[in-house]
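Residue numbers for the sequence shown follow this note's numbering, beginning at 22 and rising by one. Note sheet for the following structure.
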Amino acid sequence: MSTAPSPAAPASGNPDPGTPFIAVTMGDGAGVGPEVTVGALLDVGVLAECRPVVVGDAARLRRAARALGVDAHVVAVGSVAEAEFTPGRVNVIDLGLLPEDLPFGEVSPVAGDAAYHYVRVASELALGVAVQGICTAPLNKAALHAGGHVFPGHTELLAHLMGVEEVSMMLSTPRVKVIHVTTHLGLIDAISRIEPGLVERTVRRGHAAMVRSGVAEPRIGVCAINPHAGEGGLFGYGEEAEKITPAIEVLRADGVDARGPLPADTAFFLAGRGDYDLIVAMYHDQGHGPVKVLGIEAGVNITVGLPVIRTSVDHGTAFDIAGTGRVDVRSMVEALHQAAQMSPRPGA
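Printed below as a string of structure tokens:
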């Protein structure tokens with residue numbers, strides 16, 4: 022990720038009282054999560070689009086503001102209802118789980134445990150309809166596991182906490198959007214997991230998310246598993262015909278504009294030039310690699326299939342620059358923008 026600083030400016034005005042409440046989890050306190058959280062909440066425009074309330078650690082956020090060199094009024098609140106939204110103010114439900122001397126840039130079971138509880142509380146707020154969306158700063162998987170919470174990542178943790186059996190990860194950049202059929206699995210396990218029903222459900226979740234974001238008839242390109250889409254049986258063992266084509270036939274019969282299976286290298290080239298609104302990747306690196314080349318600074322991770330929309334930065338905890346104020350906050354700003362855009366208004 023870029024280490025160039027991104028200046029954070031005060032929001033230009035108070036939010037519309039009809040804008041969604043967004044729970045913002047601070048992420049791993051030893052990483053750049055506190056910095057991107059503060060920086061993004063002070064950025065011009067965010068306050069006009071939503072009413073963000075951080076779940077995290079007030080003292081750590083104040084330290085992050087000092088590292089960034091910004092003037093943030095960090096205020097601990099007991100609930101979302103107590104939050105006030107004025108320029109320069111950062112509302113935080115302070116769980117008080119981090120020691121003041123927690124070092125930046127190191128894997129810490131204390132920070133991993135705290136990051137888990139930030140997500141837990143945000144999930145409870147969402148299920149209780151106190152917030153309409155969730156935006157997450159990055160956590161560290163090693164720290165999460167060291168803290169006693171063994172989940173592959175945010176996506177699976179949120180699904181567990183909200184009682185949802187199946188969700189999908191979508192990555193969004195200004196040039197390409199990608200939804201994944203499988204995510205945090207080894208490649209052999211991912212190929213084994215792929216089957217027509219999972220492909221179909223993933224495409225439907227992606228289609229619904231695109232429609233919700235304003236694309237009335239999204240054009241969806243579905244990647245193959247093998248190079249050259251198997252090239253008529255030359256590569257692989259007929260996985261495309263067995264695992265992907267039946268799903269596409271069902272989807273097209275239902276009016277979903279899903280095309281494929283496409284060779285992945287061709288699919289991303291076509292999406293980059295605008296031929297597709299959404300690409301369906303079969304496994305983690307097939308989707309993540311192109312996204313990180315085409316726009317990680319403004320990339321957003323979106324979880325679809327939860328009771329509320331969840332967005333996140335498309336970068337990690339960046340321990341090498343944590344606490345230095347050199348982090349780029351643009352991805353977090355875009356994550357908040359998309360959370361606001363895709364979340365319903367309160368009471369809707």
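Built from N, CA and C at the ideal position, the CB exists for glycine as well.
Whole-angstrom distance between residue j and residue i, CA atom to CA atom
| i | j | result |
| --- | --- | --- |
| Cys71 | Phe42 | 6 angstroms |
| Asp92 | Val67 | 16 angstroms |
| His201 | Met190 | 6 angstroms |
| Ala61 | Val350 | 6 angstroms |
| Ala135 | Gly337 | 17 angstroms |
| Pro173 | Gly276 | 34 angstroms |
| Met231 | Leu299 | 8 angstroms |
| Val220 | Lys264 | 8 angstroms |
| Ala102 | Asn112 | 11 angstroms |
| Asp37 | Gln153 | 15 angstroms |
| Leu146 | Ala132 | 21 angstroms |
| Leu63 | Arg81 | 16 angstroms |
| Arg331 | Glu177 | 12 angstroms |
| Val95 | Gly254 | 60 angstroms |
| Thr223 | Gly39 | 31 angstroms |
| Phe125 | Thr194 | 29 angstroms |
| Val140 | Glu186 | 17 angstroms |
| Ala268 | Tyr137 | 36 angstroms |
| Arg280 | Leu123 | 50 angstroms |
| Glu238 | Arg226 | 14 angstroms |
| Met413 | Ser364 | Residue 413 falls outside the range modelled here, since the chain spans only 22 to 369, and no answer is possible. |
| His309 | His205 | 11 angstroms |
| Asp78 | Met47 | 8 angstroms |
| Ile155 | Val74 | 10 angstroms |
| Gly235 | Leu272 | 20 angstroms |
| Pro311 | Gly169 | 33 angstroms |
| Ala25 | Gly218 | Low confidence applies here, because Ala25 scores a pLDDT of 34, under 50, leaving its location unreliable; read the following figure in that light. In a straight line, the C-alpha of Ala25 is about 43 angstroms away from that of Gly218. |
| Pro55 | Ile342 | 12 angstroms |
Collapsed DSSP secondary structure at residue i in the structure displayed
| i | result |
| --- | --- |
| Ala30 | The predicted model places Ala30 with a pLDDT of 37, which falls under 50 and marks its position as unreliable; any figure quoted below should be read in that light. Three-state result, Ala30: coil. |
| Ser364 | coil |
| Leu208 | helix |
| His170 | coil |
| Val76 | strand |
| Asp115 | strand |
| Phe42 | strand |
| Ile265 | helix |
| Thr157 | strand |
| Val197 | coil |
| Pro55 | helix |
| Ala279 | strand |
| Ser227 | It is worth fixing the name first, because residue 227 is Gly in this sequence and not Ser. Residue state, collapsed to three classes: helix. |
| Glu355 | helix |
| Ala163 | helix |
| Leu299 | strand |
| Val232 | helix |
| Val350 | coil |
| Pro284 | coil |
| Pro328 | coil |
| Leu255 | coil |
| Phe340 | coil |
| Ala104 | coil |
| Glu216 | coil |
| Gly308 | helix |
| Gly66 | coil |
| Ser23 | In this prediction, Ser23 scores a pLDDT of 36, lower than 50, which makes its location untrustworthy; the coordinate-derived value is nonetheless stated afterwards. Ser23: coil per DSSP, three-state reduction. |
| Thr176 | helix |
| Gly184 | coil |
According to DSSP, residues forming a beta bridge with residue i
| i | result |
| --- | --- |
| Arg110 | His94 |
| Asn322 | Leu192, Ser333 |
| Ile241 | Ala279, Leu299 |
Self-check item: At least 3 beta-carbon pairs within less than 8 angstroms: the region 114-130 vs the region 42-51
Solution: These segments touch.
Quiz prompt | Any alpha helix (DSSP H) of 4 or more consecutive residues that is wholly inside the region 120-150 | solution = DSSP assignment within the region 120-150 yields the following whole alpha helix (DSSP H) runs of 4 residues or more, N-terminal first: 130-148.
Quiz item: Using 8 angstroms as the threshold, is the region 271-285 in touch with the region 244-261, meaning 3 or more CB pairs across them?
Solution: As far as the Cβ criterion goes, the region 271-285 touches the region 244-261, which means the pair count is three or higher.
Self-check item: Validate contact between the region 291-304 and the region 156-173 using beta carbons, cut 8 angstroms, 3 pairs
Solution: By the C-beta criterion, the region 291-304 is judged not to be in contact with the region 156-173, since fewer than 3 inter-stretch pairs fall below 8 angstroms.
Quiz item: Is the region 321-328 touching the region 345-362, taking contact as three or more C-beta pairs under 8 angstroms?
Solution: Result yes; three or more Cβ-Cβ pairs closer than 8 angstroms.
Quiz item: Within the chosen definition, does the region 207-219 reach the region 300-312 through at least 3 CB pairs nearer than 8 angstroms?
Solution: A contact exists between the region 207-219 and the region 300-312.
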